[in-house]
Amino acid sequence: MDFTFSEEQQFFESTLADFLKDNVTAEQIRQRWESAEGFDKTTWQSLAELGITAALVQEANGGLGLSFEDCILLMQACGRSALPEPIIEHSFIAAALLEDVHAIAPSQTTKDLLAGVAAGEKVLMTSHVINPHTNMAQSADAFLIQFGDDIHLVDKSEVQLKTMKSLDPSRRMSSLDWQPSAKSCLLNGVKGSELWQRTLNRGALATAAQLLGLAEAMVSQAVKYASDREQFGKPIGTNQAVKHLLADCAVQIEFAKPVIHRAAYTVSVAPNRADWAVSHAKVCASEAAKLAARHCTQVFGAMGYTWECDLHIWAKRAWVLDKEWGDNGFHKNRIHEWLLQPKALLGPEFTFGRRYLGDANEVV
Amino acid sequence: MDLIYTSQQNSFRMEVRDWLRSHVPQNKLPSFDTDDGFEAHRAWERTLSEGNWGMVTWPKEYGGRGCDLIEWLIFEEEYYRAGAPLRVNQNGIFLLGPTLMEYGTDAQKARFITEMAKGNEMWAQGWSEPGAGSDMAAIRCRADRDGNEFVINGQKIWSTRAVYADWVFGLFRSDPESSRHHGLSFILVPLNSPGVTVRPIPQLNGLPGFAEIFFDDVRVSDFNLIGEEGQGWSIAMSTAGFERGLMLRSPARFQQASRRLVELYRARQNDILDLSIENAVVQCYMDAEAYALSTYQTASRLTKGGKIGAESSCNKIFWSELDIRIHETAMSLLGPYAETEGVGMKYHEEIAAWVDGFLFSQSGPIYAGTNEIQRNIIAERLLGLPRK
Ligand SMILES: Cc1cc2nc3c(=O)[nH]c(=O)nc-3n(C[C@H](O)[C@H](O)[C@H](O)COP(=O)(O)OP(=O)(O)OC[C@H]3O[C@@H](n4cnc5c(N)ncnc54)[C@H](O)[C@@H]3O)c2cc1C
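This is the structure:
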């Protein structure tokens, strides 16, 4: 039993965090807003050089062969910097799905694509039915698209995009218009459905980790502002009402962390038993990020309600990610269903252990 | 990260489970805030200590098992799973015990720890005074040195279990010229000393769960001074840190309560009209689990040499608010049957326990440093907001 991250895991995180701090500033994010594609190729290239795009791809396929757990802190760091590039969708959701498909139904197509994805040369996005729209579709080279249980691999030339404005100016949302064919179908039936389920869990958890990072970033911006801004001759942060707004956020953040980290472990070691752990993570990260957005806006006063104040870069991301990969209603319902199973392993003795190790038919 | 128990940890769990199965009293003990209940709980403490289960994290020489924090968590999980009695001497074993081990002399450890572990001496804690609640540094109760004795005069209040306890530990002003957190000393006082008057205070459930303690020229030997004279504040803070931090409320307590809540919900589901209940049950279950996960993460970090910091103030807020939510939800599930504690119903005892727990949960945000004070600490020490 060891619920801490290894030095390597922490080192990878700090390398990425340092890069993002220097290269993805609020000012640069605002520059992306001005462009049609909203996607900076140089940043993407650097992230690929750091190894992010290769992280979940197996070594045999040109990747680093890391686990989802190894990468969870990276996703948190991306959230903290409100990174606009869809590196998470590409590296931790799409690449992971392609890797899973390749493990079951290997082909030259999937092998070549994996190599391109790992190198960051091919941008791969997924379209799961739980999300009506896809972010940054116009920058993608190919899509993995859900059609019932089927997993289709579709080239960008075969997809018509209907692009629409996002509440979050850093995102570029589109709906995909395409035709499924026998040729585009990589996997179907039970196997396909199982992989979509895993993808949903990875998507929800990656989103949870970003939401946690967003919440942390908003609170630290508000702390700084509350320490500098003066009213009545003293910093506004000396007022208890202001302190408590931010302390409440800190409590939620503090208790979302271990839940997200446990879910990352579960997705890595027992991907088919991860529903409840992931749903828990998504709900508490969403709540933490929404509270941070609301309370931090309050701390900034009127400034917090302006386009000029950087806070909304983070707040808007939180508001949209809250609804992506299943909203709280979806995830609470999964937990509710699980709690109602007569054989569910509930109670203090089941925090760990048998939920991962038990036999496959057991209700966990 | 490795979230699987080792085989050693699993067999430790089984050992605890087996022992509890054959020792936990069949019938629920009466409340420890009654004459009979207190003695029944004292007897249970003796039983625990005879099996060396009284305080598993303590070193073997004090009747413990030298367990690490993960094993402590496992023990607690089994303890709550088994529905074992509440720990009547928790002030002693969870708070004073560790303080004595850190600051006591060998002679003091020899005198106090074993008696405490065996349940022979029960402890109350005396920090609060009528004029010193949240502002504990406003303590006025005096301990004037006279040769190798202290003469104590003044008053403590809200002292839990003091009605039946044998001893009280607390902070007293030993330097009459001092103010605030200077000049305070950490002293142990027998409650049967001449000059001590204990006046019970009935709590919300009508039972005398805490008391006022009046000291009128009470003489105690300076053997009972812990640490240096005048250093009481920093010693007390280490005690308070422990209390908030980890051990006061083990996660198993809330996991077991939320499991019972799910069972109650399953039983009452078809009679419930309030749309918010389903959500509340799910939320309570998640939060109890989040508290457990957080504690495991802290325990892992501490085991690897980390230190507990201001983030522990988050714990106090989280579990006390969770406890209220669990019990509010149970009250909603019980509907009008809560009022009469389900008398005449099949699950009367269970219902009565929910109602009593509901009343007690109201005190969570107040004791062990109010949640407002915790929020101040989080804002200033964890987030770094300016004090002034
Ligand atoms: C069940 C129970 C058991 C207890 N057991 C013990 C015990 O064994 N030993 C012991 O010594 N004490 C014990 N206490 C006392 C407890 O520690 C105090 O009640 C607590 O410290 C608060 O003090 P107070 O009651 O005087 O409230 P006050 O300090 O008067 O506070 C009243 C309200 O004002 C708020 N407030 C006060 N100051 C501030 C501030 N600076 N900023 C924001 N809000 C503020 C508080 O948060 C609270 O809401 C117990 C209390 C309870 C309820």
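Each protein sequence line maps, in turn, to chains A and B. Under this note's numbering, the first residue of the first sequence carries the number 1, and numbering increases by one thereafter. Under this note's numbering, the first residue of the second sequence carries the number 365, and numbering increases by one thereafter. Don't be surprised by glycine CBs; every beta carbon is placed ideally from N, CA and C. The structure displayed is predicted, hence computed values, not measured ones.
* Does any heavy atom of ligand 1 sit closer than 6 Å to the C-beta of residue 434(B)? -> Distances taken from the Cβ of residue 434(B) to the heavy atoms of ligand 1 include none shorter than 6 Å.
* Asked: Can the beta-carbon of residue 640(B) be found less than 7 Å from the beta-carbon of residue 742(B)?
  -> One thing to note: residue 640(B) has its Cβ no nearer than 7 Å to the Cβ of residue 742(B).
* Asked: Mind checking whether residue 575(B) and residue 562(B) have CB atoms under 7 Å apart?
  -> Using a Cβ distance threshold of 7 Å, residue 575(B) and residue 562(B) count as a contacting pair.
* Asked: If you run the structure through DSSP and keep just helix, strand and coil, what is residue 158(A)?
  -> If DSSP states are grouped into helix, strand and coil, residue 158(A) belongs with the helices.
* Asked: Can you tell me whether residue 6(A) is buried or exposed, with buried defined as 16 or more other CB within 10 angstroms of its CB?
  -> So residue 6(A) counts as exposed.
* is_contact[residue 750(B), chain A] using C-beta, thresh 7 Å -> So yes, residue 750(B) belongs to the interface.
* To do: Assign residue 450(B) to one of two classes, buried (16 or more other C-beta atoms within 10 Å of its C-beta) or exposed (fewer than that).
  => Exposure of residue 450(B) is indicated by the presence of fewer than 16 other C-beta atoms within 10 angstroms of its C-beta.
* To do: Please go through the same chain and pick out, in chain order, the residues whose beta-carbon is closer than 6 Å to the beta-carbon of residue 163(A), but skip the five residues on each side of it.
  => Answer for residue 163(A): 174, listed in chain order.
* **C-alpha distance - residue 159(A) paired with residue 1(A), whole-angstrom precision** => CA-CA distance, residue 159(A) to residue 1(A), rounds to 47 Å.
* To do: State the DSSP-derived secondary structure class of residue 273(A), mapped to helix, strand or coil.
  => In the structure shown, residue 273(A) falls within a helical segment according to DSSP collapsed to helix, strand and coil.
* Asked: Thinking C-alpha only, which one of 106(A), 247(A), 185(A), 140(A) is nearest residue 295(A)?
  -> Comparing Cα-Cα distances from residue 295(A) to each of 106(A), 247(A), 185(A), 140(A), the minimum goes to 247(A).
* So the beta strand (DSSP E) residue 374(B) belongs to, where does it begin and stop? -> Boundaries for residue 374(B): no beta strand (DSSP E) harbours it, while the alpha helix (DSSP H) harbouring it runs 371-387, taken from the DSSP string.
* To do: Report the residues of the stretch 628-659 of chain B with a CB closer than 9 Å to any CB of chain A, ordered along the chain.
  => Within the stretch 628-659 of chain B, the qualifying residues are 629, 630, 633, 642, 643, 645, 646, 647, 649, 650, 651, 652, 653, 654, 655, 656, 657, 658, 659.
* Asked: Does ligand 1 have even one heavy atom less than 6 Å from the beta-carbon of residue 754(B)?
  -> Past the boundaries of the shown model lies residue 754(B); chain B is included only from 365 to 752, so the question cannot be answered.
* Partners in chain B for residue 336(A), counting only beta-carbon separations shorter than 8 Å -> Those within 8 Å of residue 336(A) in chain B are 642, 645, 646.
* Asked: Per DSSP, what kind of secondary structure is residue 607(B) in: helix, strand or coil?
  -> Model confidence at residue 607(B) stands at a pLDDT of 48, short of 50, so the residue's coordinates are unreliable; what they give is reported in the following sentence. Three-state DSSP puts residue 607(B) in a helix.
* **Cβ-based burial, residue 542(B) [other Cβ within 10 Å; buried from 16]** => By the neighbour-count rule (16 or more Cβ atoms within 10 Å), residue 542(B) is not buried but exposed.
* Asked: Can we say the stretch 291-309 of chain A touches the stretch 211-223 of chain A, given the rule of at least three CB pairs closer than 8 Å?
  -> Judged by Cβ distances under 8 Å, the stretch 291-309 of chain A makes contact with the stretch 211-223 of chain A, as three or more pairs qualify.
* Give the residues from the stretch 275-298 of chain A that approach chain B closer than 7 Å (Cβ to any Cβ), ordered along the chain. => If the cut-off is 7 Å between Cβ atoms, the stretch 275-298 of chain A has 280, 283, 284 near chain B.
* Asked: Hey, how far is the Cα of residue 63(A) from the Cα of residue 110(A)?
  -> Straight across, the Cα-Cα distance linking residue 63(A) with residue 110(A) is about 14 Å.
* Return yes when the Cβ of residue 459(B) is within less than 7 Å of the Cβ of residue 473(B), no when it is not. => Going by C-beta atoms, residue 473(B) is not nearer than 7 Å to residue 459(B).
* To do: Report all residues from its chain with a CB closer than 6 Å to the CB of residue 117(A); omit the five preceding and five following residues, and keep chain order.
  => The residues are 95, 124.
* Asked: By DSSP, does residue 149(A) sit in helix, in strand, or in coil?
  -> Assigned with DSSP and collapsed to three states, residue 149(A) falls in coil, not helix or strand.
* Could one say the Cβ of residue 325(A) lies closer than 7 Å to chain B's Cβ atoms, at least one of them? -> So, not an interface residue.
* Asked: Which one or two residues does DSSP pair with residue 583(B) in a beta bridge?
  -> In the DSSP assignment, the residues bridged to residue 583(B) are 515(B).
* Listed in chain order, which residues of the stretch 411-436 of chain B have Cβ atoms closer than 8 Å to some Cβ of chain A? -> Those would be 434, in chain order.
* Would you verify that the beta carbon of residue 626(B) is, or is not, closer than 7 Å to some beta carbon of chain A? => Cβ-Cβ to chain A under 7 Å: yes for residue 626(B).
* Roughly how many angstroms lie between the CA atoms of residue 241(A) and residue 32(A), to the nearest whole one? -> In this structure, the straight-line span from the alpha carbon of residue 241(A) to that of residue 32(A) is close to 36 Å.
* Asked: At a cut of 8 Å, does the stretch 614-632 of chain B reach the stretch 547-560 of chain B through at least three beta carbon pairs?
  -> No, the stretch 614-632 of chain B does not touch the stretch 547-560 of chain B.
* To do: Count the other C-beta atoms from every protein chain shown that fall within 10 angstroms of the C-beta of residue 469(B), then say buried if there are 16 or more, exposed otherwise.
  => Residue 469(B) comes out exposed.
* To do: Let me know if residue 28(A) comes out buried or exposed under the rule of 16 or more other beta-carbons within 10 Å of its beta-carbon.
  => Classified as exposed, residue 28(A) has fewer than 16 neighbouring CB atoms from the shown chains inside 10 Å of its CB.
* 7 Å Cβ cutoff met for residue 69(A) and residue 265(A) -> Yes. Within cutoff.
* **Inter-residue spacing [alpha-carbon to alpha-carbon] between residue 487(B) and residue 399(B)** => If I take the Cα positions, the gap works out to 16 Å.
* Which residues of chain B have a Cβ atom closer than 7 Å to the Cβ of residue 42(A), listed in chain order? -> Simply none; closest approach about 34 Å.
* **Short CB-CB distance (under 7 Å) between residue 227(A) and chain B** => It does: the Cβ of residue 227(A) has a partner Cβ on chain B nearer than 7 Å.
* Asked: By Cβ distance below 6 Å, which residues in the same chain neighbour residue 439(B) in space, the five residues on each side in sequence not counted?
  -> Answer for residue 439(B): 380, 420, listed in chain order.
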